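Undergrad: The sequence shown begins at 3 in the working numbering and counts up by one. Take this structure first; my questions come after.
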Amino acid sequence: MVAMRSLIIKCALAFIVFLSTAMAASAESVSGSQERAALDLLAAIATGDTQAVAFAIHPSELDRLRIMIVQRLREEAARGESVIRVRLFGDATPIGDIERLTSVNLFRAIARRLTLRARPYDKLDGLTAVRDGKFVHVVLKGRQPPDRGRVEVVELVTLVPFGKEWKAAIPLEIEAQIDDLVAGRVRVPSSSAAAVGAGSVGTGATSSNTAPPIPSRNTPEILNLLDQAEKTLVEGRCDRYYRDFLSPELRRTLSGRTLDALIAACNRSIATRELLIAALRIVRRTAPVFEEGGSRAVYDVEGQGLPYDRYVLERVDGRWFIAE
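Following this line, the structure appears as structure tokens:
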């Protein structure tokens, strides 16, 4: 029995030695161009610039992501559904607009919904590189700026050949978060809670005087405004929408020529009317934060596919209007 156990241990040790030798044989040194490509990606994430992150990633990787996402959305649309589209791009972004996005802009649109963090580094020193098919996984040790302390942090970045240089592959953490969004395993973070390249680390505590205001429900008067404004747009009466439902203060800030141009664009473009209708529907199901003694209702509509992050209503002489 002891002899058998000894044989098993010897076999296990031999396998470990073989595995270690094989891994050492596949490992390579890290080139200067690989270090630069890894630093480009980590620096872009640390700054929070989604365009810089996209430019640090290999174009073929972004194309692969775009093809995969658009195909999923087309299959979903063919079934008469829109769950994935809403989760990734918001309710106000039609599939036609998504299909026209370049690979870079599609990545940027999705990246707003992701939570990624990276530290800024003064220098990255490559430790080792391991080939994995067309990919090379690079392990590096990052030296932080002096004001960040003296701790050196180990990072792993996957690279793809780019001519004679290298570009980053889409990090698996990004792909995992996109998969979570598609599957509905997470809710979309707001910009105050998380953003691509948040860079800084929160304290984990919030003082009472900086606590966010508590959202309330839409009042019947607000719901009536939203219903009437939507009905007007559905009927194609853009002139009435802009002249009857915009607040007097907002109309005063618009010149007659500007107002006429807005009405003409609304009459001319179904897409413009659909965007205005989508905004009203999003606001209808969003809890407002009331300000100025309840005379202003502010809605956080970030991440809903609208070209703005907030929507504001205001009450004038007992009646609600669209203010922003």
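Note that beta-carbon positions come from the ideal geometry of N, C-alpha and C, so glycine has one too. All values derive from a computational prediction rather than experimental measurement.
Under the three-state reduction of DSSP, which class applies to residue 196: helix, strand or coil?
TA: Note that residue 196 has pLDDT 39, beneath the 50 cutoff, so the model's placement of it is unreliable and no number is given.
Undergrad: Can you grab the Cα-Cα spacing for the pair residue 313 / residue 284, in whole Å?
TA: Looking at the two C-alpha atoms, the distance is approximately 10 Å.
Undergrad: Which whole-angstrom value describes the C-beta separation of residue 161 and residue 40, a residue pair presumed to lie in contact below a C-beta threshold of 8 Å?
TA: Contact holds; Cβ gap of about 7 Å.
Undergrad: Under the DSSP definition of a beta bridge, which residues are partnered with residue 299?
TA: For residue 299, which the question treats as bridged, DSSP gives the partners 292 and 315.
Undergrad: From the DSSP output, which residues share a beta bridge with residue 38?
TA: According to DSSP, which records beta bridges pairwise, residue 38 is partnered with nothing at all.
Undergrad: Is residue 94 closer than 9 Å to residue 230 when the C-beta atoms are compared?
TA: No; because the gap between Cβ atoms is not below 9 Å, this pair is not in contact.
Undergrad: If you drop the 5 nearest sequence neighbours on each side, which residues of the same chain put their C-beta closer than 6 Å to that of residue 270?
TA: Cβ neighbours of residue 270 beyond the five flanking positions: none.
Undergrad: Rounded to whole angstroms, how far is the Cβ of residue 249 from the Cβ of residue 316, which I believe are closer than 8 Å?
TA: Contact holds; Cβ gap of about 5 Å.
Undergrad: If you follow the alpha helix (DSSP H) that residue 61 is in, where does it begin and where does it stop?
TA: Residue 61 -> alpha helix (DSSP H) spans 61 to 80.
Undergrad: Let me check one thing: in DSSP terms, what residues is residue 163 bridge-paired to?
TA: According to DSSP, residue 163 bridges with 168.
Undergrad: Tell me the DSSP secondary structure of residue 157 in three-state form.
TA: Strand at residue 157.
Undergrad: If we ignore side chains and look at the alpha-carbon of each, how far apart do residue 278 and residue 171 end up?
TA: If you take the alpha carbons of residue 278 and residue 171, they lie about 38 Å apart.
Undergrad: If you drop the 5 nearest sequence neighbours on each side, which residues of the same chain put their C-beta closer than 7 Å to that of residue 86?
TA: Correct list, in chain order: 74, 75, 78 and 184.
Undergrad: Classify residue 83 as buried or exposed, calling it buried when 16 or more other Cβ atoms lie within 10 Å of its own Cβ.
TA: The residue is exposed, with fewer than 16 neighbouring Cβ atoms inside 10 Å.
Undergrad: Of the residues 134, 59 and 120, which one's Cα is nearest the Cα of residue 105?
TA: Nearest option by C-alpha distance: 59.
Undergrad: Whole angstroms is fine: what's the gap from residue 145's alpha carbon to residue 151's?
TA: Using only the alpha carbons, I get a separation of about 9 Å.
Undergrad: Secondary structure at residue 233, three-state DSSP: helix, strand or coil?
TA: Helix at residue 233.
Undergrad: How about residue 123 and residue 148: are their beta carbons less than 9 Å apart?
TA: Against a cut-off of 9 Å, the Cβ pair of residue 148 and residue 123 comes out as no contact.
Undergrad: What does residue 138 pair with, by DSSP beta-bridge criteria?
TA: Residue 138 is bridged to 133 and 161.
Undergrad: In or out: residue 37 buried (at least 16 other Cβ within 10 Å) or exposed?
TA: Buried.
Undergrad: The ligand NAP and residue 303: does the residue's C-beta get closer than 8 Å to at least one heavy atom of that ligand?
TA: Absence of the ligand NAP from the depicted structure is noted, as is the absence of any ligand whatsoever, leaving it without description.
Undergrad: Using a Cβ cut-off of 9 Å (strictly closer), state whether residue 106 contacts chain B.
TA: Any reference to chain B falls outside this structure, which holds one protein chain only.
Undergrad: Going by DSSP in three states, residue 145 sits in which element: helix, strand or coil?
TA: The answer is strand: DSSP assigns residue 145 an E or B state.
Undergrad: Measure the Cβ-Cβ separation of residue 280 and residue 290 and say whether it is below 9 Å.
TA: Going by C-beta atoms, residue 280 is not nearer than 9 Å to residue 290.
Undergrad: Within a Cβ cutoff of 6 Å, which residues of the same chain sit near residue 227, ignoring the five residues on either side of it in sequence?
TA: The answer, listed in chain order, is 322.
Undergrad: Roughly how many angstroms separate the alpha carbons of residue 243 and residue 62, rounded to a whole number?
TA: If you take the alpha carbons of residue 243 and residue 62, they lie about 45 Å apart.
Undergrad: So, is residue 69 buried or exposed, given that buried needs 16 or more other C-beta atoms within 10 angstroms?
TA: The residue is exposed, with fewer than 16 neighbouring Cβ atoms inside 10 Å.
Undergrad: Could you please give the first and the last residue of the uninterrupted beta strand (DSSP E) stretch that includes residue 323?
TA: Segment 321 to 324, the beta strand (DSSP E) holding residue 323.
Undergrad: Taking residue 121 as the reference, give the member of 156, 96, 140 and 241 with the closest Cα.
TA: Nearest option by C-alpha distance: 156.
Undergrad: Between the Cα of residue 42 and the Cα atoms of 282, 236, 126 and 301, which residue gives the shortest distance?
TA: Measuring from the Cα of residue 42, the nearest candidate turns out to be 126.
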